[in-house]
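See structure below.
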Amino acid sequence: MKSWLTTTDHKRIGLLYFWTAFAFFLIGGLEALIIRAQLVRPEGIGVSAETFNQLFTMHGTTMVFLALMPLSAAFFNFIIPLQIGARDVAFPRLNAFSYWVFLLGGLFLNASFVAGPLFGAGQLSVAPDAGWFGYANLTSRQFSPGPNVDFWLLGLQILGIASLAAGFNFVVTILNMRAPGMRMLRLPPFTWMTLITQFLVITAFPVITVALVLLMFDRFFGTHFFLPSGGGDPILWQHLFWMFGHPEVYILILPAMGIVSEVLPTFSRKPLFGYTVVVYSGVVIAFLGWSVWAHHMFASGLGPIADSVFAGTTMLIAIPTGVKIFNWIGTLWGGQIRFTTALLFAVGFIAMFIIGGLSGVTHASAPTDLQQTDTYYVVAHIHYVLFGGTILGLFAGMYYWWPKMTGRLLSERLGKVHFWLTLIGMNLAFFPMHLSGLLGMPRRIYTYSPDLGVAGFNLVSTIGAFLVGIATLVFFWNLLRTRWQPVNAPANPWNGATLEWAIPSPPPVYNFTVIPTVANRLPLWQTERHGPMAPLPERPPAPIHVPGGSWWPMITAVGLPIMAIGALSHFLPVVLAGAVVAIVGIYGWAFEPFEM
Amino acid sequence: MLRDPVYFDAVPLALVSLVLLLLTACGGGHYPQSVFHAEADFSRELDGLFRNIFAWAVGVFVVVEALLLVAIARFRARPGGPEPKPVHGHTALEIGWTLAPALILVFIAVPTMRTIFDTAGHAPEGALRVEVIGHQWWWEYRYPTLDISTANELHIPAGMPIQVEMTSADVIHSFWIPRLAGKRDLIQGRTNRIAFRTDSTGEYWGQCAEFCGASHANMRLRVIAQSDSVFQRWVDRQRAAPVTPAKGSVEETGQQIFRRSACIGCHTITGIANAKVGPDLSHVGGRGTIAGALFPNTTESLHRWISNAPSLKPGALMPPQSLQGADLDAVVAYLQSLK
Amino acid sequence: MAHDTHAATHHHTSMGLDSRKMAFWAFIGSECLLFGSLISTYLVYKGRSLVGPYPHEILNIPFTSFSTFDLLMSSLAMVLALAAVQRGDMKQGKLWLLVTALLGLVFLGGQFWEFSHFVHEGLGLTTNLFGSTFYVLTGTHGAHVTIGVIWLLTLWVQALRGKLGPANAMTVEITGLYWHFVDVVWIVIFTVVYLIQ
Amino acid sequence: MSEQGQAHATTGTYLRIAAILVMITLIEVGVFYVPAFQAVLVPVLLVLSAVKFTLVVMFYMHLKFDNKFFAFLFGGPLLLGLAVVVSLLFIFYGTVRLRTGS
Ligand code: HEA
Ligand code: HEA
Ligand code: CUA
Ligand SMILES: [Cu+2]
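Protein chains in written order, with the working numbering: chain A, 5 to 600; chain B, 114 to 452; chain C, 15 to 211; chain D, 57 to 158.
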């Protein structure tokens, strides 16, 4: 127990990230299922408007910040050091800190579901209810008087710290901890996409930090940054949020694209087609991703010039994304494809992401978006890219790397059931949303008129959502089975080409008995240019010392939610107490003898 | 594992069910808020553009998905199959599949830009100006040139260009009547514009499209496009002073009760009350619906609305009123008389 | 698990650059966007205050010029401190670290005086958009200076206790990066907020 | 400058840079008070502060002598931040009708 609390081992932190994020995924999914249950028929099943607003806000926030980002982080943590031939990340304690901050931030946000009585709210739940992008000026004290929005803004502030810390850590890890010979253009594609993602994180998160700070001043100290009554402009919030928010969606998709770029070559027994192009297109996507934010604001009246510019830049992103897709197909082409579950999910990713990407292009056309924005058509788009894209990609990663992470094989039979249920379920759930949207159903409504004519589509969506729910339970069962009915995994069960497969499953604490010297991009494969790398010695030639654990990251992290609780309750001493805890933690950390 | 027939059955199965879904949407049925049934210049232009882009998207979809399916069907591993050739890439292909999408995008971008400028919101000379002000959770309409102020139901003359200027009294809302026009947000402190012209008379439905709090779902809107003469009659009635109830009638009692009640703190009835928190009631009896086009304007719904609005419409900013029995009947009768 | 160092991984890095320094430069890059967003907010809201006091009525250029001078000098002291520590001249190192911190304190004192003077003149945090954007932008900068001063003093105490030497020059260098960055942010703020009214 | 190519700046350089920085600051403040400069005040001030900025970053933060990669880590986001400022200014002052107030 203590060893888990103080751990700085990237592998353990990776597993902590995984289980925490997976739990939040179930919670976010449960929220989605209640949403879908309410929408199963026009007048609903009795979920109140207030509860419904909390549900979709927490669903979006949870899925984005507490499920998808940290699930990717689970792989960053576990896999990246192995792929680059390192013993750990560059800053193991900072890594632990990121995890604890993430966990506590997530708990803080979700505590709002039961914190009502503390605020005399007259109901149990005071969860955030202004939507995951919290548009001003609905978030002002005047229109949202309760603590709901406070939970949201403080929670996101905390989570931002976790992401930023991890961002710096992984940038340095990937650049600086590579094994000898692991040149940049020999990095596995997953590592590359992670690197790009981290650059997006460290540039995009400061912007939302500022937006949240300004909002905090508006709510706590009576300023008018986003309030027209004092000369402020709610549109500024939208700009700041989406300047973060759009890069954020690429933060969510790029790691999944990286995973797919690992899985396809392994299971078609061919190198990734156009490796350099795939890498550079990732860079281009990230770069362009910074220039398109106002496509979320076409209806806000930016004027025709800005609309045209942002429509144009948005469309450009289709090019590097398309390039990736064609290269993936090129990888499959001429291969010897083994239909493992991981491969099915990777192919499912491509198939579904195309649909989401194409609906994205119809959004990118500003005029047509005027009919689509804020309808279920957008909801369809985001779930094809986020679920059909990111989630399917992450599942591919889970089936691919679970043996490495735990030393246990997942059942392929259950995996296939999981895959097909998920694929069919998600299409039933999300495809009809295109239609209900175009037929006039706005998003974020807890009830709709039977006259709209969309009841049938909603029924199908709900059925599909529950199918996905069942599929997720199948997967959960599959995970648990690896504990209860273990089947041990060999070091390289899939015949993968990258370094993580050169060491036992699960890897020993020190990862590599000897740091390998890398001579090419696919070290474990026989290709026409080179043979597989010589196996590493079974035991380390000399004793390897790994750094011990540390309490300080967790102590420092604990300070943050304490400060947030103080702010929530408008009780300064608690804020100060939290600050003291954090400062003590930082000093303890700084002066602790801890060497890598 | 590879012979497993399930793959090759499930894919077509899923596709067929999707197509079936599509058909149900396009064929038949009555969809008051469908974007596919454009009945004004603005919406028609958007619809045309969408169909254009959609066609490209379908083309891309079919080609790319087909390639993907062919790849996985053709290159399944066969026991004892040859070791695949380790191809690392192909420069000509890379250039090709960079340029092809770029070219397609040109065909999407050019009409997009044109439509952006076409629909930038400025109506031709002589358009009827309407100001829309969003409130949590109802719509206020003003016709500055006609000196009319009303709520929740927008009357317009069919065939005449309409210049809509919008802003909000509180949070952001979005004005959307799919058959007539694309959305535009109502933002406090800003003025946004759209312009459109309907083809024909009729009733058009829409609703608020920007999340605006508890009753966002209940912020519907109704547009009534009328022939010139009918519209003119409507204008005349709106500009007339509110009906004065006959002496001794139940309506007169209602008026007195209205005067004595909290109502005057929030509502306007020209000559009786002058407050701006809620909708102008000077001609409320002539409206087909009340409360953000949510309920038909019947005796029953007025009763229920006045006694306890928030129970009908979550969060409604009209508190429950203590009027009861005969008093309530009288007020309702009075309001209904205000044609 | 032992606390020792594994010799092979300690000094070797694949880019040959110090990891902490690299992380710190990435952090500074990230801070550019933090201040970029704040400055954007200030500029976007410039001239949109509904009531006074307005910038030209209240900003005190001579005084702030002095603060700017003070901060520039602290940057000088900081490079001197670093150079001394790198040379192993801990006497000079201690001195210049202390001078840097003290100049930072002077700056903070000036900011404290400025803020209270403004409040006295009727410009509060919530008075108008100028007040809000001004205090949040300069306040965020001030918070950075505060952290810097604490950091410098910590180093100074370490030096007094003889725990700082050329072996920790990298720590001092990173502190310096932070301190200079705070200085360049002020260079921008001084121009954008004070001089361009 | 003579230091070019050398691995480290000397104390002399630091002092000279400090002198230049102080001088520029004096010029900035001077320009601010000279009515004749009002027309070009903004560009002049922006250029001067950019020079100061660059001097500190190049010499005090050693970016001039240090690994180019650090320049990338700092310069990339710096340019991005600059782009954020410029594009927001464009959007708010360029194409959008400002608050009407009416
Ligand atoms: C994983 C996350 C993710 C990804 C990858 C994307 C990708 C894209 N998104 Fe999406 N988007 C979201 C997540 C994502 N989006 C979310 C969460 C929202 C809603 C936020 C909210 O309001 O709550 C949103 C909203 C959103 C909007 C605003 C809609 C609105 O609210 O009105 C727009 C508008 O332009 C848009 C566009 C695009 C485009 C053009 C892409 C492109 O990157 C897609 C590129 C891919 C392809 C085009 C397919 C493959 C390409 C080819 C096969 C080549 C050939 C293709 C052509 C020639 C067209 N997205
Ligand atoms: C980021 C990823 C992500 C993911 C994976 C999902 C997954 C799902 N989403 Fe979500 N969604 C968003 C991101 C995501 N969503 C965002 C950003 C929004 C916008 C929010 C906003 O407007 O502010 C949104 C909005 C949104 C809406 C619109 C709400 C509205 O506008 O009113 C709907 C409606 O159907 C919906 C449905 C679903 C469904 C059915 C799933 C399914 O895939 C879920 C599958 C189900 C499970 C995975 C459940 C498994 C669990 C169990 C079976 C129970 C066991 C439980 C425990 C043991 C605790 N989502
Ligand atoms: Cu008004 Cu939603
Ligand atoms: Cu976007």
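The beta carbon of each residue, even a glycine, is placed where N, CA and C say it ideally should be.
Contacting residues, own chain, Cβ-Cβ under 6 angstroms from residue i (five flanking each side not counted)
i	result
A:M409	F82
B:P237	P274
B:R255	E244 and S262
C:V186	L96 and V99
A:A140	F230, P238 and W241
DSSP-derived helix/strand/coil call for residue i
i	result
C:V196	helix
B:G508	With chain B running from 114 to 452 in the structure shown, residue 508 of chain B is simply not present.
B:I403	strand
B:W251	strand
A:S76	helix
A:Y514	coil
B:S450	helix
B:F309	strand
B:A294	strand
D:V142	helix
D:R72	helix
A:N141	coil
B:I337	strand
D:V152	Model confidence at D:V152 stands at a pLDDT of 45, short of 50, so the residue's coordinates are unreliable; what they give is reported in the following sentence. The answer is coil: DSSP assigns D:V152 none of H, G, I, E or B.
B:E413	helix
B:R242	strand
Own chain residues within Cβ distance below 7 angstroms of residue i, not counting five before or after
i	result
C:Y59	L143 and T147
C:L139	G145, S146 and Y149
A:E47	T451
B:T383	A354, P355 and S395
C:H194	S89 and M92
Own chain residues within Cβ distance below 8 angstroms of residue i, not counting five before or after
i	result
B:E278	R242, V243, E244, V245, T304, N305 and R306
B:V343	T314
A:S144	D222, R223, F230 and L231
A:F353	A260, V264, G392, G393, L396, G397 and A400
A:P527	A501, T502, L503, A506, P520, P536 and M537
Closer than 7 angstroms: residue i CB and nearest ligand 6 heavy atom
i	result
B:M279	This structure lacks ligand 6; its bound ligands are ligand 1, ligand 2, ligand 3 and ligand 4.
* Spell out a yes or no on whether the segment 315–331 of chain B and the segment 424–441 of chain B are touching, meaning 3 or more CB-CB pairs, one atom from each, closer than 8 angstroms. => yes
* To do: Tell me, please, whether the segment 137–153 of chain A touches the segment 254–274 of chain A by the rule of three or more beta-carbon pairs shorter than 8 angstroms.
  => no
* To do: Inspect the CB distances between the segment 424–439 of chain A and the segment 503–514 of chain A and report whether three or more fall short of 8 angstroms.
  => no
* Do the segment 121–134 of chain A and the segment 534–541 of chain A meet, that is, are 3 or more Cβ pairs less than 8 angstroms apart? -> no
* To do: Mind the definition here: the segment 537–545 of chain A touches the segment 510–524 of chain A only if three or more C-beta pairs lie below 8 angstroms; say whether that holds.
  => Touching, yes.
* Asked: Taking one C-beta from the segment 220–235 of chain A and one from the segment 300–315 of chain A each time, how about it: are there three or more such pairs within less than 8 angstroms?
  -> no
* To do: Starting from the N-terminal end, write out each residue whose C-beta falls within a distance shorter than 7 angstroms of any non-hydrogen atom of ligand 4.
  => A:W246, A:G249, A:H250, A:V253, A:V296, A:W297, A:H299 and A:H300
* **Inter-stretch contact at 8 angstroms, needing at least 3 Cβ pairs: the segment 582–594 of chain A / the segment 163–171 of chain A** => no
* Asked: Should the segment 40–55 of chain A be regarded as contacting the segment 454–466 of chain A, the criterion being three or more beta carbon pairs within less than 8 angstroms?
  -> In this structure the segment 40–55 of chain A touches the segment 454–466 of chain A; the number of beta carbon pairs closer than 8 angstroms is three or more.
* Asked: Fully enclosed by the segment 98–137 of chain D, which beta strand (DSSP E) runs are 3 residues long or longer?
  -> none
* To do: For the segment 244–259 of chain A and the segment 189–201 of chain A, state whether three or more C-beta atom pairs, one from each stretch, are separated by less than 8 angstroms.
  => yes
* Whole beta strand (DSSP E) elements within the segment 442–492 of chain A, 3-residue minimum -> none
* Asked: Can we say the segment 282–295 of chain A touches the segment 339–354 of chain A, given the rule of at least three CB pairs closer than 8 angstroms?
  -> Output reads no: the segment 339–354 of chain A does not touch the segment 282–295 of chain A.
* When the Cβ atoms of the segment 247–255 of chain A are set against those of the segment 160–174 of chain C, are three or more pairs found closer than 8 angstroms? -> Because the criterion of three Cβ pairs below 8 angstroms is not met, the segment 247–255 of chain A and the segment 160–174 of chain C do not touch.
* Would you call the segment 361–368 of chain A and the segment 415–423 of chain A in contact, with 3 or more CB pairs under 8 angstroms? -> The segment 361–368 of chain A, when compared against the segment 415–423 of chain A, does not touch it at the 8 angstroms Cβ threshold.
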